[in-house]
Structures are given as C-alpha cells and as structure tokens.
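Per numbering that gives the first Met the number 0, residue 0 is the first one in the sequence shown, and the count goes up by one each step.
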Amino acid sequence: MTVRLAALAAFFAGLFAGPAFSGEPQNWRLGLQEAATPTMERIDSFHDFLNIIITLIVLFVLALLLYTMWRFSEKRNPTPSKTTHHTGLEIAWTVIPVFILIIIAIPSFKLLYFADRVEDPDMTLKIVGHQWYWSYEYPDHGNFTFDANMVADDELKPGQKRLLDTDNRVVLPVGKKIQLLMTSDDVIHNWGMPAFGIKLDTVPGRLNETWIQITKPGVYYGFCSELCGLNHSYMPIAVEAVSEADFKKWVIKAQKEFASVDEGAKPKLADTKTIDTDVTSTGMRLAQSQAGQ
Ligand SMILES: [Cu+2]
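This is the structure we're talking about:
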C-alpha cells in the first residue's frame with residue numbers, strides 16, 4: 000500500500016514539477032524526454048502546438064455533441080427537420096479542416112528540413128548497425144572505430160543501467176555541430192535517441208544523414224528502434240556528452256585503444272556499396288567458394 004502511495008505521489012510530483020533532467024527513460028514520466036539538441040527542442044514545441052490544436056478540436060466537437068443532445072432532444076424538437084444538404088455548411092467543413100492541415104504542415108516541413116542536415120559540421124560520427132550491436136567510426140579524429148555491446152545483466156557494474164549501458168560509450172563534445180552518417184551491415188536497424196530527437200533507419204547499402212548539437216553534458220540512452228531480429232531489444236545506445244577538453248583527452252586514449260578503420264579492422268562504410276542483398280547470388284558465391292576449397 001505504501002509503495003502504491005509513494006508511486007502515486009511520484010506520479011503527481013512528476014505531473015506538476017516536471018522530472019529532473021535525464022537522458023533516459025523514467026518511471027511515471029508522462030511527457031517527452033527533456034530536449035538535449037536544437038532539433039528536439041523544436042520537436043517539443045511542435046508537439047505542444049499540436050496538443051493545443053487537438054484540444055481545441057476535441058472541445059469544439061464535445062460542445063457540438065452536448066448542444067445537439069440538448070437542443071434536438073425529442074422533448075424540445077418533436078418534429079425533426081427534413082433537410083439533408085446544406086451547401087454552405089458542406090463547404091465550411093471541407094475548407095476549415097484543409098486550413099487546419101496547412102497550418103500544421105508548414106511548421107512540420109520546416110522541422111523536417113531543419114533536422115535533415117547541417118551546413119559545415121564540426122565533426123562527423125559514422126554509425127553502423129549490426130545484428131546485434133552498434134559500431135562507431137570517428138573519421139575526423141584518426142578514423143578509429145569500436146563496437147558497443149550491451150552490458151549483460153550479470154556483468155553490470157555499480158551505476159550501470161540494465162538493458163541501457165554498453166561496454167563502450169559513444170563520447171561526443173557538447174556544443175559542436177556533429178554530422179551523423181548511418182548505415183547497416185546486415186538488416187535495417189534504427190538509431191533511436193529520444194533526448195536528441197533522432198529516430199533514423201540504418202539501411203544496408205544506404206547512407207542516412209542527420210545531425211546533433213548536444214546542449215547539455217550528461218549520459219544519454221537510446222535503443223535500436225526497428226525490429227531487426229532476435230536480440231533487437233539488446234542493442235542499446237549510450238552516448239556520453241562531455242566538454243571539448245575532455246573529448247580531446249578521450250580521443251587520444253581512444254586512438255591508442257581502438258583499431259583504425261584504415262587498417263581494415265572493422266567494416267568500412269565504403270563496403271556497404273557492395274553489400275549483396277541478393278540472396279541467390281550470395282548463395283551461389285558461397286557454393287563456389289566451398290567448391291573451391
Ligand atoms: Cu537493430
């Protein structure tokens with residue numbers, strides 16, 4: 000009972016106070032995760048704008064219903080009108096919704112183009128989806144690459160989050176415009192990061208682009224958001240946003256620790272051009288290589 004009461008209290012506290020900043024899922028959260036990029040800030044305000052429109056429409060329809068029930072009840076309106084068409088009304092209920100849709104479409108398209116790409120990014124991060132982990136490349140910092148696998152339940156260290164933390168976090172500098180290039184090594188995955196306002200498919204043989212400019216230091220968590228197979232729910236994303244000085248220190252360490260893409264250690268993005276999605280020819284090549292052995 001006390002637990003339930005506490006949960007209820009937390010729920011209402013969250014309702015009125017708003018949750019403290021965190022780039023991760025939270026119990027009893029009602030709204031979106033707090034924005035940590037310009038794109039997500041705009042998504043937030045677009046979401047609020049839509050909420051206002053939806054609320055006004057619902058209240059209007061509710062008022063119409065209540066008025067109709069009251070005004071045209073059998074008692075007040077014993078002989079109903081036989082009118083079936085009203086040209087003026089029909090034009091109105093076609094044109095007004097079209098206007099509402101246009102009012103929604105304009106900021107929606109603006110936001111879509113804003114999130115699409117950034118001019119003159121400060122750096123690039125390449126993201127490659129695999130069954131079932133992510134790998135990352137830093138082409139502007141010596142082109143090193145590493146994999147990020149989920150930390151298994153029995154290997155969690157204190158402070159690490161179950162189903163969210165990875166063995167290697169993606170470290171990025173706060174305040175820099177970062178171009179994100181995404182692709183996949185096998186099937187379609189999706190790099191979904193709620194606090195950044197990103198949910199973008201990683202498609203084999205294709206390069207998808209978006210960008211971020213992280214506004215607050217911290218650790219941010221996300222998920223693969225495209226059903227990609229057996230371990231789809233076990234390939235989380237953990238991003239650590241740090242100051243530029245700390246990022247430079249991490250880069251020096253990472254260059255020593257991780258292999259360089261140029262050494263051919265890890266799949267290159269360039270290889271995705273030649274990824275063979277045709278099952279038949281892949282099977283044929285497999286058969287040929289086996290025959291050759
Ligand atoms: Cu996936």
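Backbone N, C-alpha and C define an ideal beta-carbon position, used for all residues, glycine too. These figures come from a predicted structure and were not determined experimentally.
Between Met122 and Tyr233, the C-beta spacing is not below 8 Å.
If you check the C-beta of Met234 against ligand 1, you find a heavy atom less than 7 Å away.
The count of Cβ pairs closer than 8 Å, one atom from the stretch 147 to 164 and one from the stretch 223 to 238, reaches three, so the stretches are in contact. Here the alpha carbons of Phe195 and Val127 stand approximately 18 Å from one another. Counting C-beta pairs closer than 8 Å gives fewer than three between the stretch 199 to 216 and the stretch 61 to 80, which falls short of the contact rule. Looking from the CA of Pro216, the closest CA among Asp119, Asp245, Pro157 belongs to Asp245. Taken through DSSP and simplified to helix, strand or coil, Met149 comes out as strand. Annotation: the continuous beta strand (DSSP E) that includes Lys125 extends over 122 to 129. In the three-state scheme derived from DSSP, where H, G and I count as helix and E and B as strand, Pro77 is classed as coil. Relative to the Cα of Lys175, the nearest Cα in the group Leu155, Leu229, Met181, Val241 belongs to Val241. Approximately 14 Å separates the beta-carbon atoms of Leu171 and Val117; this is outside 8 Å, ruling out the contact. Gln178 and Asp261 have their C-alpha atoms spaced approximately 20 Å apart. DSSP places Glu239 within a strand segment (E or B) once states are collapsed to three.
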